[in-house]
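Every number in the numbering used here is 431 more than the matching position in the sequence shown, counting from 1.
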Amino acid sequence: MAKKLRVGVIFGGRSGEHEVSLASATSVIAYLDKTKYEVIPIGITKEGKWVAFGDPLQALKAGTIGSSVPVALLGDPTQKALVSLEFSEQSPRPIRLQELDVVFPVLHGPYGEDGTVQGLLELAGIPYVGAGVLASAVGMDKPTMKAVFMAHGLPVVKHIVIRRKHWERDQAPIIEQVEEEIGYPCFVKPANLGSSVGVSKARNREELERALRIAAQYDRKMLVEVAINAREIECSVLGNDDPIASVPGEVVPHREFYDYKAKYIPGESDLIIPAPIPPDLARYIQELAVKAFLAVDCAGMARVDFFLDRETGQVYVNEINTIPGFTATSMYPKMWEASGIPYPELLDRLIELALERFEDKKRCRTSYTPEEEE
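Structural data, given as structure tokens:
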């Protein structure tokens, strides 16, 4: 019998999307094939403490550590293992507890989806599912993401970036800038957060001031963009250097826009897969999704979100999500299921892509001697 791969599933984290991460991890852990994988759940509390063993998923849902053990992952490629942080006189050093063959980060938002955990895994020399440091960081920071998209000729909605320090120092010129360059209605978003946390729609000056105050609670940068009358279209991407796109899907929120409640409260939105759009438009959106994926040098997986202007028919790339929601009812796996890849097989493919990318990176030289090139 082939040896099972030890898959560390990391979830939780210091983010406003902590609870969303727990929901995604619950599905990933449940659907990973236990005949192929030895699953090691690894939780990160809201305070940033890493815990494993026991039942870290249930512990984090309860807001405790429970019977789980405080652990750490060292940035040491000779270890590639979780180590215990419980020391005693008999054992004054970290104890190597569990080696990991591959890691599946199911973290949403800062300190997990933004390249920080990916950087640690790179240092540790452990293969991991999903985007690398660069794509994760770019995909998390909305202004930088849009700048990269624009540099690659991808259509994005008109927007401006506001820094919290400038807003707190002098609000009047910022209000004037928004009114002159963007106008009403507009959306205000924290630059580095997902799941519509901290996002508001502003129809006038009073609502704009409130929206900026809310967004400033979550980030040092805020994005303000034109609010267009648009349909929400999404497309899943899978692969490394030769990615493929799923059939597009459409989100129809029952609220004014696709906010946090519309995303996570049952019955607040309809998910239509495939999206009811003409075939030519579906192919165009798939092409844009792959181009967006390659533009940020993504890997493994991503969900690319679009606005389809109801009045002009113009398609805009809204954002790329490098660790999309992963519950069994989330759009990313559902769009792949509609494209012929069921949830368990999708997890298998993502792990295969992680290992493939790791092996490809190992081909890169890490030392240099000029004489070798002569």
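Ideal Cβ positions, reconstructed from N, Cα and C, are used throughout, including at glycine.
Remember, predicted model here, so these are calculated numbers, not experimental data.
Item                                                                                                                         : Value
Assigned exposure category for residue 601 - 16 Cβ within 10 Å defines buried                                                : exposed
The region 529 to 538 in contact with the region 432 to 449 per 3-pair CB rule at 8 angstroms                                : yes
Sequence ranges, alpha helix (DSSP H) only - wholly within the region 694 to 781, length at least 4                          : 710 to 726, 762 to 769
Reduced DSSP secondary structure (H/G/I, E/B, other) of residue 638                                                          : helix
Residue 794 versus residue 733: straight-line alpha-carbon distance, rounded                                                 : 25 angstroms
For residue 474: DSSP bridge partner residues                                                                                : 442, 482
Among 755, 634, 457, 671, nearest to residue 787 - alpha-carbon criterion                                                    : 671
Rounded straight-line distance, which links the Cα of residue 785 to that of residue 436                                     : 12 angstroms
Residue closest to residue 775, alpha-carbon to alpha-carbon, out of 556, 464, 735                                           : 464
When 576, 590, 730, 495 are compared against residue 558, the one with the closest alpha-carbon                              : 730
Nearest neighbour of residue 679, chosen from 742, 639, 765 [CA to CA]                                                       : 765
Rounded straight-line distance, which links the Cα of residue 453 to that of residue 617                                     : 31 angstroms
Start-to-end residues for the beta strand (DSSP E) that takes in residue 684                                                 : 680 to 684
Separation of residue 725 from residue 594, as counted between CA atoms                                                      : 28 angstroms
Residue 711 classed as buried or exposed, judged by whether at least 16 other C-beta atoms fall within 10 angstroms          : exposed
Proximal residues to residue 623 (C-beta, below 6 angstroms), its chain only, five neighbours per side dropped               : 541, 571, 572, 650
Extent of the continuous beta strand (DSSP E) run through residue 531                                                        : Note, residue 531: premise wrong, no beta strand (DSSP E); not H, not E.
Own chain partners of residue 631 with C-beta closer than 6 angstroms, once the 5 adjacent residues on each side are dropped : 619, 642, 645
Classification of residue 701 by the beta-carbon crowding that lies within 10 angstroms, buried from 16 upward               : exposed
Beta strand (DSSP E) segment containing residue 609, residue limits                                                          : Taken as a continuous stretch (DSSP letters only), residue 609 belongs to no beta strand (DSSP E), being part of the alpha helix (DSSP H) at 603 to 612.
Three-way DSSP call (helix, strand, coil) for residue 670 in this model                                                      : strand
Short Cβ contact (9 angstroms threshold) for residue 531 with residue 438                                                    : yes
Residue environment, residue 491, which counts as buried when at least 16 other CB atoms sit within 10 Å                     : buried
N- and C-terminal bounds of the beta strand (DSSP E) containing residue 656                                                  : 652 to 657
Under 9 angstroms between C-beta atoms of residue 503 and residue 481                                                        : yes
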